[in-house]
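These notes concern the structure reproduced below.
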Amino acid sequence: MEREVQRVRQAFLSGRSRPLRFRLQQLEALRRMVQEREKDILAAICSDLCKSEFNAYSQEVISVLGEIDFMLENLPEWVTAKPVKKNLLTMLDEAYLQPQPLGVVLIIGAWNYPFLLIIQPLIGAIAAGNAVIIKPSELSENTATILAKLLPQYLDQDLYIVINGGVEETTELLKQRFDHILYTGNTTVGKIVMEAAAKHLTPVTLELGGKSPCYIDKDCDLDIVCRRITWGKYMNCGQTCIAPDYILCEASLQNQIVQKIKETVKEFYGENVKESPDYERIINRRHFKRILSLLEGQKIAFGGETDEATRYIAPTVLTDVDPKTKVMQEEIFGPVLPIVPVNNVDEAINFINEREKPLALYVFSHNNKLIKRMIDETSSGGVTGNDVIMHFMLNSFPFGGVGSSGMGAYHGKHTFDTFSHQRPCLLKSLKREGANKLRYPPNSQSKVDWGKFFLLKRFNKEKLGLLLLTFLGIVAAVLVKAEYY
Amino acid sequence: MDASPWMDPFEDTLRRLRETFQVGHTRSAEFRAAQLRGLGRFLQDNKQLLHDALAQDLHKSAFESELSEVAISQGEVNLALRNLRAWMKDEHVPKSLATQLDSAFIRKEPFGLVLIIAPWNYPLNLTLVPLVGALAAGNCVVLKPSEISKSIEKILAEELPRYLDQSCFAVVLGGPQETGQLLEHRFDYIFFTGSPRVGKIVMTAAAKHLTPVTLELGGKNPCYVDDNCDPQIVANRVAWFRYFNAGQTCVAPDYLLCSPEMQERLLPALQSTITRFYGDDPQSSPNLGRIINQKHFQRLRALLGCGRVAIGGQSDEHDRYIAPTVLVDVQEAEPVMQEEIFGPILPIMNVRGVDEAIEFINRREKPLALFAFSNSSQVVKRILAQTSSGGFCGNDGFMHITLASLPFGGVGASGIGRYHGKFSFDTFSHHRACLLRSPGMEKLNAIRYPPHSPRHLRKLVVAMEARDCSCTLL
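Residue numbers (our numbering), protein chains in the order written: chain Y, 1 to 485; chain G, 486 to 959.
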């Protein structure tokens, strides 16, 4: 393990990953891989999650292609130095921010979108000029295998490597030193990752989870609302970190909501959901049993059918759920949707704020004031109003959590920034030493005053300011040179 | 004192602050601006007191106190007041085809309860500048000033709270043990300035609660001096930044890298500069600081035994005085090249040319700052391109940190995160992605709903290719 990481570090130190042309080539190669080997990739995802080709393509592959194209288009601009605003003391100097790669980056993936959650960070890490060690989730075995097989065929074999394994291997890996770690997964392991990172002062991005609340106001079109929620909740059989975890609404709405979700489920997946090619399965027996246990003692409004052999759980809705029960104590990560009745939006807001900050928050209403209030009075990683999931899709948004749902963010340019060090640079000249006499000891009160002036003074009118301070600069230099001070 | 398990000195304070935050007390721009103005008044009303305290703690001259402590803090307060509303505004972002009709913006939100742990070397600056950011971002703040800079600690504990709303601000005191106890609590953000060793302890404690951190640490900041430059000018600049605050600056040039020939020219230039700055008897100059305490004094005095003293080398235990010193003939393995010096001692290491200098620098931990002096901008830019560090300044010392438009922070062992100016506000804010869609226009969503067919897939692929911005369609 240590040797592998060392090899990658040596590759980084060679400087090969830094030139723009190299990074673009690697990204183009990655794109070719996704296009040429689409069948293999889809087959792997499909067998891990019992997913249809359409779903695998539209949920994972499309986003990856979009990110690569976005990166290819914008990277040449991103790698350039960005000049910053200067003050009086630095007027004649060059001052800018230069993005630089961090070094060796570790990306630990999750099993629910096993391809996307590895490749999307990888794209940004490569774009930022780093070397990358990829650790796919062992639970999505086939994707882990295909990544280990395909990536070395298309990308530089020393700079980007895949390390597969379980808890033991991951623990060993975390003992090594990295320059950034991006982890997608659960809170418990998130803490372990951060603790391991602390030993080396390694910065981390932790994409975790939580229970994403979904508030449905009286004032809304329930047909549309329920369609959107059904889509987002049962996608990937509920195994989505930003799925609407539970619903908050007034008790009088429950029956209608149940009815409409039921109708929508039939429309989406047919009479016999089990036979729909668009409906996935639970990743493994352990999670299957876990989700099953959440149903105990609950009022199942519809759904609830299961089949252990195929790890099938039907789209399920629970009503009149007691907040103290198990289903409301952990992130469900399955096709079970509890409805917790509340009396009004005040109660809903309190309910949400009494709990850990979620990764996503959803609110459905025609009343924009209410939506605004929901946002103003709560906190979460992100928000989508009047829909679910969608804020994930816009890569001009930083995607990440807050509090126990995570720290840091990525997607689009934010991935590039996450994996870069934006280094502040000030380039002065060795000339005009006379002006520096102001700062050198022995000091005097007048030097203090001049010093403060140059440090703090602002001018409102740009051009006038420039003229005035050039004049002042000359005056100061002359006075100082004449040893007036 | 009996360390009863249920006696937690911080519990009440933290609960009180958290409750204030939860009711939304700190959210409005008016409230935040009032806090910042309070901070400004604290600096103005207590200026003399602060100067005296800094003189007492570190023998800082009025010049150093004013410029590097009071004025910098005042500048940050003013900057925040001027820009607060602009910084707080929702930031609209470019939209994709699918979200054209929606409202897409990033909302800047306070994290909640913020802990700021400050060091002793710039005890006012390094406490107040982060505080400005935390308050501007709308957080409640617990401040833990350094117990080592006692005079300033006293003023911060006794005077500062009177200028701020005490329902959302508290100062807690104590040493390593109390700080350890404090760190067991849950905060929503921790901002720490200090050594890498303690930085690890802070981050490990933060990990238990998944608390994000900014760690402003340190390291050995290399200073390369090319053969192609005027040794007197270089000597002026390097000496000023090295001996400022008696060398107790995280971004000071820690050691020099130059050729033996350059060293020969630099030594007399440095001697001339030191004499000009501090007179023939630097100990009696009002412009030279003192070492903060006995522990650090002893540590530094031991370093004087490394290599050979070329300039200075005197010390006085009673005064915690160490003369502006330059060491030569230093071996890499000696203590003075193994730890951050943090004192008025400047070792010179010999290298033959830029390549060797770059190699030397890259063998070591990434420093907080890096300096390169040369008449040739090519040389300067080459060093910049082939190394990494928190920040970089060509042909001067740490001037780059006086520019609020540049972020200040480390990389690798020198730190995580950054601040100053708007970067402080952003550091102490959660950037929340908000997408507000229309409750209608449902037909546009049709393509994403099952049941899916090959026709759907074709439609999707066509839509992908037709997009005019490279974002996903769904």
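Backbone N, C-alpha and C define an ideal beta-carbon position, used for all residues, glycine too.
Residues of its chain near residue i, where Cβ-Cβ distance is below 8 Å and the 5 sequence neighbours each way are ignored
i       : result
S63(Y)  : L116, Q120, M393
D223(Y) : K260
N74(Y)  : K413
A898(G) : P681, L702, G704, E850, K851
N563(G) : G525
CB contact check: residue i to chain G, cutoff 8 Å
i       : result
W450(Y) : no
N460(Y) : Model confidence at N460(Y) stands at a pLDDT of 47, short of 50, so the residue's coordinates are unreliable; what they give is reported in the following sentence. So, not an interface residue.
Y312(Y) : no
C220(Y) : yes
Y183(Y) : no
C237(Y) : no
C425(Y) : yes
R7(Y)   : no
E433(Y) : yes
T187(Y) : yes
K447(Y) : yes
E38(Y)  : no
Selected residue, minimal CA-CA separation from residue i, among the options
i       : options                            : result
C237(Y) : S380(Y), S252(Y), R311(Y)          : R311(Y)
N164(Y) : L155(Y), T187(Y), W111(Y)          : W111(Y)
V508(G) : A556(G), D497(G), N624(G), L564(G) : N624(G)
L248(Y) : S444(Y), R32(Y), Y362(Y)           : Y362(Y)
L206(Y) : R23(Y), A29(Y), G381(Y)            : G381(Y)
C919(G) : I591(G), L942(G), V836(G)          : I591(G)
S874(G) : A43(Y), Q100(Y), Q26(Y)            : Q100(Y)
P753(G) : I718(G), E576(G), E549(G)          : I718(G)
C241(Y) : P358(Y), I118(Y), L295(Y), E354(Y) : P358(Y)
K233(Y) : P152(Y), M390(Y), F70(Y), A148(Y)  : M390(Y)
I300(Y) : R286(Y), D320(Y), L438(Y), T143(Y) : D320(Y)
E280(Y) : R439(Y), Q239(Y), P244(Y)          : Q239(Y)
M1(Y)   : D48(Y), I133(Y), K149(Y)           : I133(Y)
E296(Y) : D278(Y), I283(Y), T316(Y)          : T316(Y)
Any C-beta of chain Y under 8 Å from that of residue i
i       : result
A538(G) : no
I901(G) : yes
L700(G) : yes
A707(G) : Reading the sequence as shown, one finds Pro at residue 707(G) and not Ala. Chain Y, which has no Cβ nearer than 8 Å to the Cβ of P707(G), makes this no.
G684(G) : yes
R867(G) : no
F877(G) : yes
Interface residues of chain A facing residue i [CB-CB closer than 8 Å]
i       : result
I591(G) : The question asks about chain A, but that chain is absent: this structure's protein chains are Y and G.
Beta-carbon contacts of residue i that lie in its chain and below 6 Å, excluding the five residues immediately before and after
i       : result
S861(G) : N713
S859(G) : D711, N713, C714, V865
S885(G) : Reading the sequence as shown, one finds His at residue 885(G) and not Ser. Excluding positions up to five away in sequence, the list reads G876, C878, L891.
A827(G) : With the sequence shown as reference, residue 827(G) is identified as Phe, and Ala is not the correct amino acid for it. Around F827(G): Q733.
A95(Y)  : V84, K86, L426
A128(Y) : P101, F416, F419, S420
A501(Y) : Here chain Y comprises residues numbered 1 to 485, so residue 501(Y) is not present and cannot be evaluated.
Contact belief for residue i with residue j at Cβ below 8 Å, rounded distance in angstroms
i       : j       : result
E20(Y)  : V79(Y)  : Before going on, a small fix: residue 20(Y) reads as Leu here, not Glu. So it is a contact: roughly 6 Å between Cβ atoms.
K685(G) : A198(Y) : 6 Å
C653(G) : L785(G) : About 40 Å; that fails the 8 Å criterion.
D801(G) : Q768(G) : 6 Å
I675(G) : L600(G) : 5 Å
A571(G) : V617(G) : Actually they do not touch by this definition, with Cβ atoms about 15 Å apart.
Spatial neighbours of residue i in its chain, beta-carbon cut-off 7 Å, leaving aside the 5 residues before and after
i       : result
S14(Y)  : none
K461(Y) : Reliability of the predicted coordinates at K461(Y) is poor, the pLDDT of 45 falling under 50, and the value obtained from them is presented with this limitation in mind. Excluding positions up to five away in sequence, the list is empty.
T90(Y)  : L426
L155(Y) : Q26, A29, L30
N847(G) : T872
R793(G) : L812, V813, D814
A348(Y) : Y215, L248, V342
Contact test: residue i Cβ vs the ligand ADP heavy atom, cutoff 7 Å
i       : result
K545(G) : Questions concerning the ligand ADP fall outside what the structure shown contains, since it holds no ligand whatsoever.
At which residue ranges does the segment 370-396 of chain Y contain complete beta strand (DSSP E) runs of 3 or more residues, listed in the order of the chain? 382-385
Quick one: complete beta strand (DSSP E) runs, 3+ long, within the segment 697-745 of chain G? 698-701, 707-710, 740-743
At which residue ranges does the segment 786-839 of chain G contain complete beta strand (DSSP E) runs of 3 or more residues, listed in the order of the chain? 793-796, 810-813, 830-835
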